[in-house]
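J.:
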Amino acid sequence: MASLWWILLAACSAAITGGVVFFVMRSHAEVRLARQREELAAAHAALGAQREAMVTSLKSAEESARRQAMDEFIADIRVEERHYVREHKAFFITRKCVVRQERIFFRNLPLSNWIEQEMPFEEGADIDQLAKTMAVFIPEGLFDNPEAQPRKLLRH
């Protein structure tokens, strides 16, 4: 009977040892699975960050290209101007007027018709200065840059 007890005790200790090994291995597998999930989450986060960086850089490249195209377009727009003195004779009175004509060009294509303005002036007045103050497309008072070219429609 004592040997039977020893056999039962050995079987119970083997079963308990097997149960302990089962739970230890199960927890070990859960730890490995948690580590793999953590690595997978980190990889997903890195891919998401790269995707956002790519989208941002793509948008900035598109915006830069659009801005450059607009700058090139605006650089091709110019204003053609001319002015001269016109005399109106009525009976014995002669009136002199400065006539300024302007039109907008894109490269060599006119975008508008001639816009004409007349302004009477008195003898001795500076005709060039008077013509500049009459400008429709290039009002000199709006731009404080004296060395800017007067033939450009838009300035940077």
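Following this note's numbering, the numbering of the sequence shown begins with 21 at its first residue and continues without gaps.
Heads up, the beta-carbon is just placed ideally off N, CA and C, and yes, glycines get one too.
The beta strand (DSSP E) spanning residue 115 covers which residue range?
T.: Start and end: 113-126.
J.: Tell me whether residue 142 sits in a helix, a strand or coil according to DSSP, three-state version.
T.: Residue state, collapsed to three classes: coil.
J.: Taking residue 135 as the reference, which of 77, 148, 125 and 110 has the closest Cα?
T.: With distances taken between Cα atoms, residue 135 lies closest to 125.
J.: In the DSSP assignment, find the unbroken alpha helix (DSSP H) run with residue 131 in it and report its ends.
T.: Element bounds for residue 131: n/a, residue is neither H nor E.
J.: Can you tell me which residues form a DSSP beta bridge with residue 101?
T.: Looking at the DSSP assignment, residue 101 forms a beta bridge with 122.
J.: For residue 127, count the other beta carbons within 10 Å of its own beta carbon; 16 or more makes it buried, fewer makes it exposed. Which is it?
T.: When all chains shown are included, residue 127 counts as exposed.
J.: Check each candidate in 132, 112, 129 and 108 and name the one with the smallest Cα separation from residue 177.
T.: Any property of residue 177 remains undetermined from this structure, which presents the chain solely from 21 to 176.
J.: Residue 35 CB to nearest chain C CB: under 9 Å?
T.: Annotation note: the requested chain C is absent from the structure, which comprises a single protein chain.
J.: How should residue 120 be labelled, buried or exposed, when 16 other C-beta atoms within 10 angstroms of its C-beta is the threshold for buried?
T.: Buried, by the Cβ-count rule.
J.: If you follow the alpha helix (DSSP H) that residue 96 is in, where does it begin and where does it stop?
T.: Neither: residue 96 is in no alpha helix (DSSP H) and is coded neither H nor E.
J.: Tell me, to the nearest whole angstrom, how far the beta carbon of residue 117 is from that of residue 102; I am working on the premise that it is less than 8 Å.
T.: Wrong, their Cβ atoms sit about 14 Å apart, outside the cutoff.
J.: Could you check whether residue 123 and residue 100 sit closer than 9 Å to each other, using their CB atoms as the reference points?
T.: In this structure, residue 123 lies closer than 9 Å to residue 100 by Cβ.
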